[in-house]
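Here the structure is laid out as structure tokens; the discussion comes afterwards.
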Amino acid sequence: MVKGVELKKPVFFGFIIFICAVSPVQAAELPEWHGFVEQAFGPTISRSGLTKHNDYNMLEQRFQLKTRYAIPGENLLSDWNGVFTYKGDFVLDEYFDTTGSYEIRELNFAFSPSSMLDIKAGRQILTWGTGDYLFINDLFPKDYISFYIGRDDEYLKKPSDALRVSVYPKLVNIDFVLIPHFTANTLPDGDRLSFFDSFQGGITGQDTQNNAVKPAWQAENFEYALRLYRSFGSTEGALYYYRGFDPSPRSYLDEANRQLFYERLDVYGASVRAPFAGGIANLETGYYRSRQDAQGGNRLIENSAWKWLAGYEKDLGNDLKIGLQYQYEQKLNYDDYASALLSQDYYWDKYRHLLTQRLTKFFKNQTVMLGLFNFWSPSDKDGYVRASCAYDISDQWKLTLGVNIPWGEDDTTDFGSMKKNKNAFVRVRYSF
Amino acid sequence: MKKILVLIGILFFASNALAVELTVDEVVSKANNRSYYQGKDSRAKANMVVTDSQGRTRQRQLTILKLNIQDGGDQKYFVYFHKPNDVKGMSYIVWKHVGKDDDRWLYLPAMDLVRRIAASDKRSSFAGTTFLYEDISGRSIDLDIHELDSSDPDFYVVKNTPKDVGAVEFSYYTVKIDKSNFVPMKAEYFDKSGKLYRTIEALEVKDIQGYPTVTKMKAADLNANSNTVTEFSEIKYDIGLKEDIFTERFLRNPPQQWLKE
Numbered sequence: 054m055v056k057g058v059e060l061k062k063p064v065f066f067g068f069i070i071f072i073c074a075v076s077p078v079q080a081a082e083l084p085e086w087h088g089f090v091e092q093a094f095g096p097t098i099s100r101s102g103l104t105k106h107n108d109y110n111m112l113e114q115r116f117q118l119k120t121r122y123a124i125p126g127e128n129l130l131s132d133w134n135g136v137f138t139y140k141g142d143f144v145l146d147e148y149f150d151t152t153g154s155y156e157i158r159e160l161n162f163a164f165s166p167s168s169m170l171d172i173k174a175g176r177q178i179l180t181w182g183t184g185d186y187l188f189i190n191d192l193f194p195k196d197y198i199s200f201y202i203g204r205d206d207e208y209l210k211k212p213s214d215a216l217r218v219s220v221y222p223k224l225v226n227i228d229f230v231l232i233p234h235f236t237a238n239t240l241p242d243g244d245r246l247s248f249f250d251s252f253q254g255g256i257t258g259q260d261t262q263n264n265a266v267k268p269a270w271q272a273e274n275f276e277y278a279l280r281l282y283r284s285f286g287s288t289e290g291a292l293y294y295y296r297g298f299d300p301s302p303r304s305y306l307d308e309a310n311r312q313l314f315y316e317r318l319d320v321y322g323a324s325v326r327a328p329f330a331g332g333i334a335n336l337e338t339g340y341y342r343s344r345q346d347a348q349g350g351n352r353l354i355e356n357s358a359w360k361w362l363a364g365y366e367k368d369l370g371n372d373l374k375i376g377l378q379y380q381y382e383q384k385l386n387y388d389d390y391a392s393a394l395l396s397q398d399y400y401w402d403k404y405r406h407l408l409t410q411r412l413t414k415f416f417k418n419q420t421v422m423l424g425l426f427n428f429w430s431p432s433d434k435d436g437y438v439r440a441s442c443a444y445d446i447s448d449q450w451k452l453t454l455g456v457n458i459p460w461g462e463d464d465t466t467d468f469g470s471m472k473k474n475k476n477a478f479v480r481v482r483y484s485f
Numbered sequence: 495m496k497k498i499l500v501l502i503g504i505l506f507f508a509s510n511a512l513a514v515e516l517t518v519d520e521v522v523s524k525a526n527n528r529s530y531y532q533g534k535d536s537r538a539k540a541n542m543v544v545t546d547s548q549g550r551t552r553q554r555q556l557t558i559l560k561l562n563i564q565d566g567g568d569q570k571y572f573v574y575f576h577k578p579n580d581v582k583g584m585s586y587i588v589w590k591h592v593g594k595d596d597d598r599w600l601y602l603p604a605m606d607l608v609r610r611i612a613a614s615d616k617r618s619s620f621a622g623t624t625f626l627y628e629d630i631s632g633r634s635i636d637l638d639i640h641e642l643d644s645s646d647p648d649f650y651v652v653k654n655t656p657k658d659v660g661a662v663e664f665s666y667y668t669v670k671i672d673k674s675n676f677v678p679m680k681a682e683y684f685d686k687s688g689k690l691y692r693t694i695e696a697l698e699v700k701d702i703q704g705y706p707t708v709t710k711m712k713a714a715d716l717n718a719n720s721n722t723v724t725e726f727s728e729i730k731y732d733i734g735l736k737e738d739i740f741t742e743r744f745l746r747n748p749p750q751q752w753l754k755e
């Protein structure tokens with residue numbers, strides 16, 4: 054975030070100048086600005102002694118500004134329903150010695166040049182698929198540091214610089230996304246959150262030396278995502294294809310220099326979502342093809358895999374909702390991978406079973422929300438409890454309290470490697 | 495001869511009276527059509543002010559687009575939130591079905607997330623107001639047994655008793671319907687002990703394009719001592735909405751031409 058400041062500022066000012074140049078706006082038509090100011094604090098429950106600060110992992114002030122501007126008047130862009138969207142955050146991060154940063158979350162122009170075509174170009178948030186906090190066919194970038202320290206859910210999704218083209222012929226709707234510049238997931242890196250570092254052989258914080266090498270910005274590294282979807286009455290079906298890179302660095306480039314990389318990845322998937330037994334059921338699957346190790350015999354590169362997800366959500370009445378999910382993952386060509394392993398290697402398991410449960414209850418005319426989300430993997434013997442309470446004090450003020458409790462028997466599993474990062478958090482937000 | 499004339503006269507008046515006096519189901523059906531099915535489609539902006547027991551207020555402002563798929567039956571709704579600011583830009587689609595659960599989708603623009611909403615409970619609060627989902631999209635008339643409670647020259651009062659008592663929080667409700675135009679003017683809900691605990695009242699009725707339309711209404715929760723007043727503005731019928739507005743495409747890209755601030 055901080056590192057991107059130099060690059061992003063000119064983009065922003067360029068955008069403002071562009072808006073002013075293309076639209077001879079009168080004062081009355083100036084776009085409305087909205088946003089919020091937020092103070093967030095996240096004291097740690099478990100002290101690892103590994104990260105930059107021991108007592109807290111979040112202390113920041115955030116100022117978000119956003120606007121949406123529909124091109125007015127009689128011109129081509131307004132005939133095409135052209136809309137500019139901008140959303141950006143100024144953050145004063147006291148965790149990192151009160152560093153100021155500016156992050157553009159959305160900066161795009163959307164328009165419909167024909168009745169069957171929508172185009173959105175620029176920085177945007179992209180989401181699809183049927184999972185709840187579980188993503189099989191949504192390979193768009195995520196920020197798991199935000200997720201684990203208790204920022205708003207909005208920050209789990211990272212923006213992509215992309216071109217999205219949507220076409221709506223009669224038979225099926227088509228979404229095509231081109232991402233020229235790879236964006237990686239933001240993962241715990243030791244400064245703020247400790248994690249399992251296989252080079253050091255344990256849970257590590259600031260003294261990690263590993264680094265991940267991103268794909269270079271060139272045409273052969275462009276990423277593509279495709280979704281075909283339609284509904285059959287109340288049932289929604291979708292097919293997905295993704296060609297790009299694993300957004301998390303799971304493969305080893307150079308062990309001696311502690312370098313990881315984002316291996317090339319193709320994903321073929323499908324999903325169905327429909328009403329079932331008074332609730333909503335969903336099924337999703339994805340075949341992950343690891344292009345640089347399709348045979349699976351390379352111990353340094355992630356293998357291909359199948360992932361399956363089944364979910365069910367039901368409204369129990371009285372503003373109480375429950376959601377359940379089961380995800381199953383299986384690494385393919387596992388025998389080839391296993392026989393290539395060296396004796397000192399940390400290795401991936403063949404199977405992973407993951408269960409989740411969400412409970413949401415509203416009180417006081419939906420102004421108080423209690424939420425509990427549980428991840429639990431019986432195969433990894435780990436889990437993650439996310440509990441929160443949000444109170445809409447008024448239309449402007451909102452108070453959110455919560456805890457993040459990852460746990461696990463082993464240090465190497467997804468949630469087990471996070472187990473020294475337990476925290477509580479409080480956020481106070483004023484929206485305008 | 496005189497007797498015959500008298501007889502004819504009596505018969506004439508009697509049959510005339512029979513023609514005017516509708517059955518209770520016809521009254522309910524006319525009132526239901528008046529409330530929820532006028533025109534082929536409609537657009538309205540709703541400003542809702544929620545007042546709690548301590549006098550604190552909250553505001554909800556939304557645009558509602560509505561399309562009748564079947565008269566007195568299935569409908570499609572598109573709801574776009576203008577206020578409060580923290581939900582501004584959210585949109586919501588309901589495919590209302592008679593005889594089975596509605597389909598509902600919510601779009602959260604901050605995450606570009608289309609969430610399908612499990613919505614079997616239609617008697618939960620609409621957007622945190624005193625109105626319930628069922629008040630906004632209508633309660634299926636087949637769910638209740640209707641009896642004429644009373645009738646005066648101006649109003650019918652219909653008593654509605656749910657067929658499935660366990661599915662709802664009330665034991666019955668009465669609706670006062672204006673005889674001149676079949677607009678329901680006041681609904682009163684009674685709890686299981688027979689106590690009045692909830693009212694919905696039409697505060698203002700206007701003629702819009704020939705359709706008598708409630709332009710201001712109030713829902714009150716007598717137990718919580720809170721209420722919500724909704725004022726509808728920019729109401730327009732028969733604007734030519736097409737069914738494709740009520741799909742994921744427009745959930746993600748709200749239809750500009752219908753949502754001008």
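The listed protein sequences correspond, in order, to chains A and B. Just so we're on the same page, the numbering used here is the position in the first sequence counted from 1, plus 53. Just so we're on the same page, the numbering used here is the position in the second sequence counted from 1, plus 494. Each residue gets a CB set at the ideal place from its N, CA and C atoms; glycine is no exception. Bear in mind the structure is a predicted one, so any value in this text is a computation, not a measurement.
- Per DSSP, Y201(A) is one residue of the alpha helix (DSSP H) stretching across Y197 to I202.
- N134(A) reaches chain B at N747, P749, Q750 and Q751, counting residues in chain order whose Cβ is nearer than 9 Å.
- Minimum Cα-Cα distance from N134(A) among the listed residues P125(A), D142(A) and G349(A) corresponds to P125(A).
- If you compare the alpha carbons of G141(A), Y122(A) and Q348(A) with that of P84(A), the shortest gap goes to Y122(A).
- For the region 563 to 582 of chain B, residues whose beta-carbon sits nearer than 8 Å to a beta-carbon of chain A comprise K577, P578, N579, D580 and K582.
- Along the region 445 to 456 of chain A, the positions whose C-beta sits under 9 Å from a C-beta of chain B are D445, S447, D448, Q449 and K451, read in chain order.
- For Y530(B), DSSP records no beta bridge to any residue.
- Judged by DSSP secondary structure, Y305(A) falls within the beta strand (DSSP E) whose first and last residues are S304 to D307.
- DSSP places Y390(A) in the helix class (H, G or I) of the three-state scheme.
- L279(A) is classed as exposed because its beta carbon has fewer than 16 other beta carbons within 10 Å across all chains shown.
- Bounds of the alpha helix (DSSP H) holding E628(B) are Y627 to S631.
- Against chain B, the beta carbon of N128(A) has no neighbour under 8 Å; the closest one sits roughly 14 Å away.
- In terms of Cβ geometry, L103(A) and S247(A) form a close pair [threshold 8 Å].
- Straight-line measurement puts the Cα of T183(A) at about 36 Å from the Cα of F149(A).
- In the structure shown, D346(A) falls within a helical segment according to DSSP collapsed to helix, strand and coil.
- With a threshold of 16 other beta carbon atoms within 10 Å, T151(A) falls short and is exposed.
- Among the residues of the region 546 to 564 of chain B, those with a Cβ less than 8 Å away from any Cβ of chain A are D546, R550, R552 and Q553, in the order of the chain.
- F649(B) and D568(B) have their C-alpha atoms some 28 Å from each other.
- In chain order, R326 and I333 make up the part of chain A whose C-beta sits under 7 Å from the C-beta of R610(B).
- Exposure of E515(B) is indicated by the presence of fewer than 16 other C-beta atoms within 10 angstroms of its C-beta.
- For D132(A), no beta strand (DSSP E) segment is defined; the enclosing uninterrupted segment is the alpha helix (DSSP H) at L129 to D132.
- Burial check for I587(B): the Cβ neighbour count within 10 Å reaches 16 or more, so the residue is buried.
- Within the region 177 to 206 of chain A, the residues whose Cβ lies closer than 9 Å to some Cβ of chain B are Q177, I178, L179, T180, W181, T183, D185, F193, D205 and D206, listed in chain order.
- The beta-carbon distance between G566(B) and D732(B), rounded to whole angstroms, is 17 Å. This is too long to meet the 8 Å contact definition.
- In the three-state scheme derived from DSSP, where H, G and I count as helix and E and B as strand, N226(A) is classed as strand.
- When the Cα atoms are used, Q92(A) and S687(B) turn out to be separated by approximately 47 Å.
- When secondary structure is reduced to three states using DSSP, G593(B) falls in the coil class, being assigned neither helix nor strand.
- According to DSSP, F575(B) shares a beta bridge with L556(B).
- When Cβ-Cβ separations below 8 Å define contact, K374(A) makes contact with chain B.
- The C-beta separation of I354(A) from S304(A) comes to about 4 Å, placing the pair in contact by the 8 Å criterion.
- A Cβ-Cβ separation of about 31 Å leaves A174(A) out of contact with L145(A) under the 8 Å criterion.
- The shortest CA-to-CA distance from G255(A) to any of K475(A), Y483(A) and M471(A) is the one to M471(A).
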